[in-house]
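Note sheet for the following structure.
2 protein chains.
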Amino acid sequence: MAELKEIQKYVTELFAKQDFAKQPLVLYEPFQYTMSLGGKRLRPLLVMLAADMFSLDYRQTDNAAVAIELAHNFTLLHDDIMDESPLRRGKPTVYQKFGTDKAILSGDVMYAKAYDYLLKCDTDKIPQLVKTLTSVLIQVCEGQAYDMNFEQRNDVTQREYITMISLKTSVLLAAALKMGAILAGAKAEDMNALSEFGLYLGIAFQLQDDILDCWSDLNEFGKVIGSDIVDNKKTILFLTAVEKADNGDDRELITWYLEKTNDFQKKKQRVIELFEKYDVRSDVEKMIGSYTIKALDALDRVNVEQNQKDNLITLAKELINRKK
Amino acid sequence: MAELKEIQKYVTELFAKQDFAKQPLVLYEPFQYTMSLGGKRLRPLLVMLAADMFSLDYRQTDNAAVAIELAHNFTLLHDDIMDESPLRRGKPTVYQKFGTDKAILSGDVMYAKAYDYLLKCDTDKIPQLVKTLTSVLIQVCEGQAYDMNFEQRNDVTQREYITMISLKTSVLLAAALKMGAILAGAKAEDMNALSEFGLYLGIAFQLQDDILDCWSDLNEFGKVIGSDIVDNKKTILFLTAVEKADNGDDRELITWYLEKTNDFQKKKQRVIELFEKYDVRSDVEKMIGSYTIKALDALDRVNVEQNQKDNLITLAKELINRKK
């Protein structure tokens with residue numbers, strides 16, 4: 012088994028050397044821009060860690076690793092248009108920099124390129140890999156649709172929210188792990204347990220993201236603080252706060268999310284004050300703890316030597332405790 | 012071999028019975044709307060005709076036929092956003108009816124569903140089918156990128172235009188035929204000759220589309236007459252006219268395409284007058300004839316009995332002579 016840091020370094024270098032720019036530039040320049048923005052490269056790392064756990068040389072999974080990162084970046088590219096997000100990783104989003112049309116189109120070609128990379132894998136693995144990617148892309152679109160739908164609704168439950176983020180975020184982490192397992196020829200039951208680990212880890216990861224949106228340093232996080240509040244995103248913090256707040260406060264919270272205001276600073280400040288008044292951060296941190304335990308329980312069921320799981324355990328803890 | 016009309020009827024019924032509406036409706040309602048708008052169902056028909064030509068029962072190709080139609084409709088959905096097209100098949104386009112965000116997202120899920128249908132085919136055919144679809148989707152995006160780029164340029168050549176429409180239109184027809192051939196287990200050389208037929212047929216088909224945009228009846232064609240002119244699309248008619256026109260007229264044509272005007276009626280009328288003055292329609296009809304001959308020559312090289320090719324020959328002639 013390889014060291015976690017070694018694999019992380021390998022992933023960073025793999026993406027540093029990719030060059031997606033080619034003709035026509037109108038299409039591939041925004042593509043290359045997106046891919047060069049960096050990011051955690053978490054999904055490719057998961058492909059490689061899964062392969063490594065099942066004793067396949069992680070350096071044999073480059074194509075699947077690139078494929079899943081392309082698929083992920085495609086979803087970000089289109090989501091940023093729909094969410095009108097100005098920044099991604101501290102830089103202007105593609106639609107802001109190149110315009111909506113080019114953002115749509117370069118996302119579309121990135122989508123196909125994800126499949127194109129999968130097609131470079133061993134032929135006998137292709138049907139399973141393509142099935143995994145396709146299923147996850149359908150679910151991510153459904154998750155984004157629920158997310159859009161929630162913006163129009165005032166009766167979203169915590170349970171619905173968890174379903175939405177599972178679809179929008181977790182399934183992609185689970186798919187990355189599954190791809191590594193497929194390439195390593197893992198057994199179906201192990202693959203399923205590992206996917207379950209990815210699903211729960213993804214939920215914990217997204218809940219942590221919700222926290223970081225409110226309490227984080229702009230430079231470290233690379234996004235605008237409180238952007239979920241400005242966008243009226245009914246995150247777990249909002250849903251928990253509305254549930255816990257007394258009559259006056261819950262109405263005030265809902266009003267902030269319903270009424271149009273241009274005073275975003277005041278809105279963010281007041282909403283975060285209310286989140287703090289009801290201490291929803293610690294509620295959400297408890298949820299994160301509970302999903303992390305579920306994730307580790309699932310990982311426990313994978314039939315490989317305990318020490319083979321060390322990297323995934325270390326990574327899971329890093330993700331849950333991350334500050335950006 | 013089956014009758015052309017029988018296969019056409021089968022394709023129509025196949026799509027009439029599809030129901031893509033499911034939860035979340037925000038995602039699948041625009042999807043179902045798009046698929047219920049109808050259209051020629053040309054690409055699924057080509058899948059089936061190719062299978063039938065190579066002696067596979069065409070009724071065994073439903074999944075690939077649905078896949079290619081989904082892929083085609085996905086491209087229309089996103090293109091209509093980029094081109095700001097108000098109408099498609101005489102009805103409001105998805106982005107007009109449901110908004111840009113839902114149009115982007117339902118296009119994205121349609122894209123994945125295309126792969127999902129391919130995955131229902133025999134496992135041993137999946138890698139080749141996925142490769143065909145992926146390659147074509149990349150090319151279609153590149154074609155759309157060139158199309159967008161041409162709007163900004165004043166030195167587009169006829170040759171560049173033909174390359175662009177090959178990418179944007181023809182490759183999808185070629186891919187449809189190839190999928191039918193893959194399912195029927197045709198030989199590589201026959202598949203390639205058939206794809207070539209599709210490529211040339213696609214060019215002829217698109218050139219005919221350019222003609223129909225100017226000289227066609229709105230009710231029959233289902234689009235707004237002269238919309239290419241309003242959108243400053245440098246179609247083959249425009250490029251040919253600019254090349255043939257005398258000094259004053261070519262400047263006038265270029266000016267119509269450069270300057271902003273709100274008097275679209277006058278613009279369309281005057282541009283079509285100039286097209287007619289230089290008789291570019293008959294030039295383009297000659298090109299169509301020449302690409303049709305190339306298509307039929309390629310079909311001729313496919314190693315099956317001559318009468319097995321009758322349906323494709325009949326269809327090709329119908330397409331080239333169509334009035335809508």
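Line by line, the protein sequences give chains A and B. Going by my numbering, the first sequence runs without a break in its numbering and finishes at 335. Going by my numbering, the second sequence runs without a break in its numbering and finishes at 335. Don't be surprised by glycine CBs; every beta carbon is placed ideally from N, CA and C.
- The stretch 237-255 of chain B and the stretch 282-300 of chain B touch, with no fewer than 3 CB-CB distances between them shorter than 8 Å.
- The Cβ atoms of residue 112 of chain A and residue 99 of chain A do not sit closer than 7 Å to each other.
- Contact between the stretch 101-109 of chain B and the stretch 122-141 of chain B is absent: fewer than 3 CB-CB pairs across the two stretches fall below 8 Å.
- Taking 4 residues as the shortest admissible run, the stretch 164-239 of chain B contains the following complete alpha helix (DSSP H) segments, listed from N- to C-terminal end: 169-176, 182-194, 199-225 and 229-232.
- Counted as a single uninterrupted DSSP element, the alpha helix (DSSP H) harbouring residue 311 of chain A occupies residues 291-311.
- When beta bridges are read from the DSSP output, residue 98 of chain B appears opposite B:103.
- A contact between stretches requires three or more CB pairs, one per stretch, nearer than 8 Å, and the stretch 138-153 of chain B fails this requirement with the stretch 14-24 of chain A.
- Under the criterion of beta carbons closer than 8 Å, residue 59 of chain B and residue 18 of chain B qualify as touching, at roughly 5 Å.
- In the DSSP assignment, residue 315 of chain A falls outside any alpha helix (DSSP H), carrying neither H nor E.
- Taking residue 241 of chain A as the centre and dropping the five residues before and after it, the same chain places the C-beta of 235, 275, 278 and 279 closer than 8 Å to its C-beta, in chain order.
- As summarised for the stretch 32-88 of chain B, there are no continuous beta strand (DSSP E) elements at least 3 residues long confined to that stretch.
- Residues of the stretch 21-46 of chain B with a C-beta atom less than 7 Å from some C-beta of chain A are 35, 37 and 38, listed in chain order.
- Neighbours of residue 89 of chain B across chain A, judged by C-beta separation under 8 Å: 115, 116 and 119.
- In its chain, beyond the 5 residues on either side, no residue has a beta carbon closer than 8 Å to the beta carbon of residue 304 of chain A.
- Interface annotation for the stretch 151-167 of chain B against chain A: 152, 153, 155, 156, 157, 159 and 160, criterion Cβ-Cβ distance under 8 Å.
- In this structure residue 309 of chain A touches residue 204 of chain A by the C-beta definition: roughly 5 Å separates them, less than 8 Å.
- Excluding sequence positions up to five before and after residue 122 of chain B, its CB lies within less than 6 Å of the CB of 85, all in the same chain and listed in chain order.
- Below the 7 Å Cβ cutoff, chain B contributes 123 as neighbours of residue 148 of chain A, in chain order.
- Among the residues of the stretch 75-104 of chain A, those with a Cβ less than 7 Å away from any Cβ of chain B are 89, 92 and 93, in the order of the chain.
- For residue 106 of chain B, no CB of chain A lies under 7 Å from its own CB, so it is not counted at the interface with that chain.
- For residue 246 of chain A, the secondary structure class from DSSP, reduced to helix, strand or coil, is coil.
- Our two residues, residue 62 of chain B and residue 46 of chain B, have alpha carbons roughly 23 Å apart in a direct line.
- In the structure shown, residue 259 of chain B falls within a helical segment according to DSSP collapsed to helix, strand and coil.
- Relative to the Cα of residue 68 of chain A, the nearest Cα in the group A:29, A:195 and A:179 belongs to A:195.
- The beta carbon of residue 186 of chain A sits closer than 6 Å to those of 143 and 147, all from its chain and outside the five residues before and after it, given in chain order.
- Proximity of chain A to residue 145 of chain B at the Cβ level (cut-off 8 Å) is accounted for by 123, 126, 127 and 130, in chain order.
- Around the C-beta of residue 199 of chain A, fewer than 16 other C-beta atoms lie within 10 Å, and the residue is accordingly described as exposed.
- None of the residues of the stretch 187-207 of chain B has a beta carbon lying less than 8 Å from any beta carbon of chain A.
- Boundaries of the alpha helix (DSSP H) around residue 127 of chain B: 111-129.
- Of A:251, A:56 and A:43, the smallest CA-CA separation from residue 20 of chain A is found for A:56.
- Pairing residue 252 of chain A with residue 313 of chain A gives a Cβ-Cβ distance that is not under 7 Å.
- At a beta-carbon threshold of 8 Å, the residues of chain A lying near residue 137 of chain B are 137, 138 and 141, ordered along the chain.
- Cβ atoms of residue 209 of chain A and residue 184 of chain A come within 8 Å of each other, at about 4 Å.
- At least one CB atom of chain A sits nearer than 7 Å to the CB of residue 112 of chain B.
- By the CB criterion at 7 Å, residue 78 of chain B and residue 38 of chain B fall outside the cutoff.
- With fewer than 16 other CB atoms across the displayed protein chains lying within 10 angstroms of its CB, residue 259 of chain B is exposed.
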